[in-house]
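Read through the structure below, which is laid out as structure tokens, and then see the notes.
Residue numbers (the UniProt record's numbering): 1 to 242.
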């Protein structure tokens with residue numbers, strides 16, 4: 001099942017028990033500044049654009065939008081993948097996109113593609129014939145039946161009385177923000193590669209150790225610091241001698 005990335009096609013195909021594939025190229029024609037308007041509203045607000053669209057529906061491009069030719073060009077990779085498929089494909093799409101796909105597989109002239117008949121609530125089945133043409137069968141969908149899965153969907157469980165009423169919940173003190181602490185001064189000490197001991201995974205590219213040394217290296221570093229402190233202590237004692 002192939003759908004566009006728009007929510008309405010994804011929801012329509014949700015009940016089909018087959019793998020889904022979303023194509024950005026299957027999105028509806030972009031109407032630009034006319035997006036969301038009815039044809040009556042476009043004629044009222046943009047009469048010049050409405051007239052231009054009526055003169056050449058195939059090549060007319062909405063302001064900041066697309067034309068049918070733009071849609072046909074972006075559908076090219078989708079059509080190529082359709083030609084390669086050996087299994088049946090169900091495309092849940094939009095009117096302009098389905099017109100372009102139908103026009104390609106039925107060898108419809110380009111000028112007639114924007115006027116191809118794609119009725120609502122209808123499954124358009126394309127089947128190849130031995131002579132190379134496509135057999136087109138339009139199967140109406142009975143919209144009086146409930147949506148698939150809606151009958152068997154369990155109702156949501158009611159919330160407890162205390163949880164349903166926000167006023168019954170006890171007031172909690174605000175959670176304090178996490179304190180941001182600077183890195184410790186010993187966080188980037190030089191690491192030493194010892195034969196037989198694997199290099200620590202957190203060693204940076206420049207050879208410096210970021211954090212979390214292995215226990216062996218921690219022990220070596222601690223021993224080194226103790227010896228250095230002991231040496232400094234001996235020197236201090238010697239300096240006090242007469």
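For glycine and all other residues, C-beta sits at the position ideal for the given N, C-alpha and C. Note that the structure is predicted; figures quoted are calculated from it, not measured.
Can you say whether residue 66 is buried or exposed, counting buried as having 16 or more other CB atoms within 10 angstroms of its CB?
Mapped onto the chain shown, residue 66 falls at position 66. Flag for residue 66 reads buried.
Where residue 8 and residue 71 are concerned, what is the direct C-alpha to C-alpha distance, given to the nearest angstrom?
As a working note, residue 8 is residue 8 in the chain shown. As a working note, residue 71 is residue 71 in the chain shown. Approximately 19 Å between the Cα atoms of the pair.
Look at the alpha carbon of residue 43 and the alpha carbon of residue 122, and state the distance between them as a whole number of angstroms.
The count along the chain shown starts at 1 and reaches residue 43 at position 43. The count along the chain shown starts at 1 and reaches residue 122 at position 122. Rounded to whole angstroms, residue 43 to residue 122 spans 28 Å at the Cα level.
Rounded to the nearest angstrom, how far is the Cβ of residue 102 from that of residue 112, given a contact under 8 Å?
Position 102 of the chain shown, counted from the start, is the residue given in the question as residue 102. Position 112 of the chain shown, counted from the start, is the residue given in the question as residue 112. Their Cβ separation, rounded to whole angstroms, is 11 Å, which puts residue 102 and residue 112 out of contact at 8 Å.
Could you spell out where the beta strand (DSSP E) holding residue 138 opens and where it closes?
Against the chain shown, residue 138 aligns to sequence position 138. From DSSP, the beta strand (DSSP E) with residue 138 extends over 134 to 140.
Compute the Euclidean distance between the alpha carbons of residue 54 and residue 60, then round it to the nearest angstrom.
For the purposes of this step, residue 54 is taken as the residue at position 54 of the chain shown. For the purposes of this step, residue 60 is taken as the residue at position 60 of the chain shown. Their backbone Cα atoms lie some 8 Å apart in a straight line.
By alpha-carbon positions, which one of 99, 37, 138 and 6 ends up nearest to residue 110?
The count along the chain shown starts at 1 and reaches residue 110 at position 110. When each option's Cα is compared against that of residue 110, the closest is 99.
Distance, Cα to Cα, residue 58 vs residue 51?
As a position in the chain shown, residue 58 is number 58, starting the count at 1. As a position in the chain shown, residue 51 is number 51, starting the count at 1. For residue 58 and residue 51, the distance between alpha carbons rounds to 13 Å.
Could you tell me which of 78, 31, 1 and 10 sits nearest to residue 19, measuring between CA atoms?
Walking along the chain shown from the start, residue 19 turns up at place 19. Selected option, being the one with the closest Cα: 1.
Would residue 128 be called buried (16 or more neighbouring beta carbons within 10 Å of its own) or exposed?
As a working mapping, residue 128 is identified with position 128 in the chain shown. Classification for residue 128: exposed.
With DSSP as the reference, label residue 200 as helix, strand or coil.
Reading the chain shown from its first residue, position 200 is the one you call residue 200. Confidence is the limiting factor: at residue 200 the pLDDT is only 46, short of 50, which leaves the residue's position unreliable and the question unanswerable from this model.
Alpha carbon to alpha carbon, what distance is there between residue 25 and residue 76?
Here the question's residue 76 lines up with position 76 in the chain shown. Here the question's residue 25 lines up with position 25 in the chain shown. Distance between the alpha carbons of residue 76 and residue 25 is about 9 Å.
For the beta strand (DSSP E) that residue 125 lies in, which residues bound it at each end?
As a first step, residue 125 must be located in the chain shown, where it is residue number 125. Per DSSP, residue 125 belongs to the beta strand (DSSP E) from 122 to 128.
Please go through the stretch 67 to 118 and give each complete alpha helix (DSSP H) segment of 4 or more residues, from N-terminal end onward.
68 to 74, 76 to 84 and 95 to 105
Applying the 10 Å Cβ sphere with the 16-neighbour rule, what's the burial state of residue 64?
Position 64 of the chain shown, counted from the first residue, corresponds to residue 64. Residue 64 should be labelled exposed.
If you follow the alpha helix (DSSP H) that residue 45 is in, where does it begin and where does it stop?
Taking the first residue of the chain shown as 1, we reach residue 45 at position 45. 39 to 45 is the span of the alpha helix (DSSP H), which, as asked, contains residue 45.
Ignore the nearest five residues each way along the sequence and tell me which others in residue 74's own chain have a CB closer than 6 Å to its CB.
In the chain shown, residue 74 corresponds to position 74, counting from 1. Around residue 74: 25.
By Cβ distance below 8 Å, which residues in the same chain neighbour residue 27 in space, the five residues on each side in sequence not counted?
By one-based count along the chain shown, residue 27 stands at place 27. Excluding positions up to five away in sequence, the list reads 4, 5, 6, 94 and 97.
What is the rounded straight-line gap between the Cα of residue 29 and the Cα of residue 68?
Within the chain shown, residue 29 is the residue found at index 29, counting from 1. Within the chain shown, residue 68 is the residue found at index 68, counting from 1. Their backbone Cα atoms lie some 7 Å apart in a straight line.
Under DSSP, the alpha helix (DSSP H) around residue 8 begins and ends at which residues?
On the chain shown, residue 8 is found 8 positions in, with the first residue counted as 1. If you look at residue 8, you'll find it in the alpha helix (DSSP H) that goes 7 to 13.
DSSP has residue 22 in a bridge; who is on the other side?
Within the chain shown, numbered from 1, the residue matching residue 22 stands at position 22. Bridge partners of residue 22: 3.
Relative to the alpha-carbon of residue 126, which residue among 47, 141 and 90 has its alpha-carbon at the smallest distance?
Residue mapping note: residue 126 aligns to position 126 of the chain shown, counting from 1. Nearest C-alpha to residue 126: 90.
Could you give the DSSP three-state label for residue 54: helix, strand or coil?
For the purposes of this step, residue 54 is taken as the residue at position 54 of the chain shown. DSSP places residue 54 in helix when its eight states are reduced to three.
Taking the C-alpha atoms as reference points, what is the distance between residue 47 and residue 36?
As a working note, residue 47 is residue 47 in the chain shown. As a working note, residue 36 is residue 36 in the chain shown. The alpha-carbon atoms of residue 47 and residue 36 are separated by roughly 16 Å.
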